[in-house]
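Structure first, commentary second.
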Amino acid sequence: QVQLVESGGGLVQPGGSLTLSCAASGFTFSLYSMSWYRQAPGKERELVARISRFGGTTNRADSVKDRFTISRDNVKKTVYLQMNNLKPEDTAVYYCNAVQTTYWGQGTQVTVSE
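Counting in the numbering used here, the final residue of the sequence shown is number 1376, and the numbers go up one at a time with none missing.
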């Protein structure tokens, strides 16, 4: 049974940091590039960052390029999103996804507010 389980979300003040984790099971994790998406209320889901199978290539949305870092540990079957200097506009539900599959996690809420 395929599972992607996100964790690490929460409430943080502007300028703060969070690290999201996505633990995978039920499929061969190292065969897939992995992505983080987010969806804010009333908005479409958007791609935040992507990482290749062995972590050699990463891509990030322009809005987060200088603040977020995606990484992975294929032994732990986990992908991470380190988020620094968070802004209110980063408030959203964050999801991980195995690229070119229908494998999605349930999401973790990130709220950036005073």
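Don't be surprised by glycine CBs; every beta carbon is placed ideally from N, CA and C.
Quantities reported herein were computed from a predicted structural model and do not represent experimental measurements.
{"Check": "Measure from the alpha carbon of Val-1310 to the alpha carbon of each residue in Arg-1334, Tyr-1299, Ser-1279, then state which is nearest.", "Outcome": "Tyr-1299"}
{"Check": "Can you tell me where the beta strand (DSSP E) with Leu-1282 in it begins and where it stops?", "Outcome": "1280 to 1287"}
{"Check": "Does the Cβ of Thr-1364 have 16 or more other Cβ atoms within 10 Å, making it buried, or fewer, making it exposed?", "Outcome": "exposed"}
{"Check": "Taking the alpha-carbon of Arg-1312 as reference, which of Ser-1375, Tyr-1357, Glu-1376 has the nearest alpha-carbon?", "Outcome": "Tyr-1357"}
{"Check": "Around the C-beta of Ser-1287, are 16 or more other C-beta atoms found within 10 angstroms, so that it is buried, or is it exposed?", "Outcome": "exposed"}
{"Check": "Considering just the uninterrupted stretch of the beta strand (DSSP E) at Phe-1330, what are its terminal residues?", "Outcome": "1330 to 1335"}
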